[in-house]
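For the sequence shown, full-length UniProt numbering begins at 1 and goes up steadily by one.
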Amino acid sequence: MTARLHATVDGPPQAPVLVLGSSLGTTGAMWQPQLAALAARFRVVRFDHLGHGGSSAPTGPYTIDLLGRKVLQLLDELDIGRAHYAGLSLGGMVGMWLAAQAPERIDRLALLCTSACLGPADGWRARAATVRAGRLDTIADAVVERWFTPAFAAARPDTVAAYRAMLTSTPPAGYAGCCEAIAGMDLRADLAAVRAPTLVIGAADDPATPPEQAADIARRIRSARLVVLDDAAHLANVEQPEAVARLLAAHFDPEGGVTP
Numbered sequence: 001m002t003a004r005l006h007a008t009v010d011g012p013p014q015a016p017v018l019v020l021g022s023s024l025g026t027t028g029a030m031w032q033p034q035l036a037a038l039a040a041r042f043r044v045v046r047f048d049h050l051g052h053g054g055s056s057a058p059t060g061p062y063t064i065d066l067l068g069r070k071v072l073q074l075l076d077e078l079d080i081g082r083a084h085y086a087g088l089s090l091g092g093m094v095g096m097w098l099a100a101q102a103p104e105r106i107d108r109l110a111l112l113c114t115s116a117c118l119g120p121a122d123g124w125r126a127r128a129a130t131v132r133a134g135r136l137d138t139i140a141d142a143v144v145e146r147w148f149t150p151a152f153a154a155a156r157p158d159t160v161a162a163y164r165a166m167l168t169s170t171p172p173a174g175y176a177g178c179c180e181a182i183a184g185m186d187l188r189a190d191l192a193a194v195r196a197p198t199l200v201i202g203a204a205d206d207p208a209t210p211p212e213q214a215a216d217i218a219r220r221i222r223s224a225r226l227v228v229l230d231d232a233a234h235l236a237n238v239e240q241p242e243a244v245a246r247l248l249a250a251h252f253d254p255e256g257g258v259t260p
């Protein structure tokens, strides 16, 4: 497959590289709440998953292996040998694959609101079929309801609307292909191979990947650290932007003097 990923690069050219992977149905713009803080000290690479945003959207199904290899291809294109990596949801799934399968490329790892095995597989395949038969509008309200707590949605309707628009602009073939990648994914046995210092962040009110999923990942990765944020659902970086920025900066720059 000749498909390529779109990426946006910010921050000092000579700074350590931090790659950010976003959730299913979003683009690298998902990380805008953390960009200013992280780009002040890292060369931040925000990529769009295969089938999302500005990236190629070939007909699926995709696999986690394919999504991970596309990130490695992107790193090669940008002449990046080794990088830090943070990923939320699907971005975290890709991060686990990278850290287990290409450990020489990943320095430190952060996994947010994600899962190593997110069933049932039939549910993901059914969602893929629904999207292929229509548009993202057919599932958008149900998806976005899981992204934010009711209190945040009531207080910040413009923000919720912006992320819903990001979801509905996703190419149906790309969204469906990534759903099928999640359906076929089971990374649990791979986590014992992860050697990168790892921060796992869960959200107390996340119905999509509950904090029990974060705890399971942290148990399987050697010396992983677990943090669960209150007052946040699936897109915890949007609901708790300052807390997530502090946690990531402290994890990726432990000598930088930032208090977690």
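Note that CB positions come from ideal geometry on N, CA and C, so glycine has one too.
- Per DSSP, T159 lies in no beta strand (DSSP E) segment; the continuous alpha helix (DSSP H) that holds it begins and ends at 157 to 168.
- G202 sits close to C113, with the two beta carbons spaced by under 8 angstroms.
- Secondary structure at I106: strand, using DSSP grouped into helix, strand and coil.
- Take T27, set aside five residues on each side of it, and the residues of its chain with a beta-carbon closer than 7 angstroms to its own are D48, H52, G53, M166, in chain order.
- Assignment of beta-bridge partners to D10 by DSSP yields V44.
- For L66, the enclosing alpha helix (DSSP H) has its first and last residue at 64 to 77.
- Scanning its chain for C-beta atoms nearer than 6 angstroms, with the 5 sequence neighbours on each side dropped, one finds around G11 the residues A39, F42, R43, V44, in chain order.
- S115 and M96 have their C-alpha atoms spaced approximately 9 angstroms apart.
- For I221, there is no enclosing beta strand (DSSP E), as DSSP gives it neither H nor E.
- If you look at V17, you'll find it in the beta strand (DSSP E) that goes 17 to 21.
- If you draw a 10 Å sphere on the C-beta of A232, you find 16 or more other C-beta atoms in it, and that means buried.
- Cβ-Cβ distances below 6 angstroms link L235 to W147 in the same chain, with the five nearest sequence neighbours on each side left out; the list follows chain order.
- Between E255 and P61, the C-beta spacing is not below 8 angstroms.
- Look at the region 175 to 218 and you find these whole runs of beta strand (DSSP E), each 3 residues long or longer: 198 to 203.
- According to the DSSP assignment, L90 belongs to the alpha helix (DSSP H) that extends over 90 to 101.
- Between L109 and Y85, the C-beta gap is smaller than 8 angstroms, which places the two residues in contact.
- The beta carbons of A196 and I106 sit closer together than 8 angstroms.
- Cβ atoms of A193 and A100 come within 8 angstroms of each other, at about 5 angstroms.
- The beta carbon of T130 sits closer than 8 angstroms to those of T138, I139, all from its chain and outside the five residues before and after it, given in chain order.
- Beyond the five residues adjoining it in sequence on each side, R135 comes within less than 8 angstroms, by CB distance, of T168, P172 in the same chain, given in chain order.
- Remark: C-beta atoms of L74 and A176 do not approach each other more closely than 8 angstroms.
- Scanning its chain for C-beta atoms nearer than 8 angstroms, with the 5 sequence neighbours on each side dropped, one finds around G25 the residues H52, L136, V143, M166, L167, T170, Y175, in chain order.
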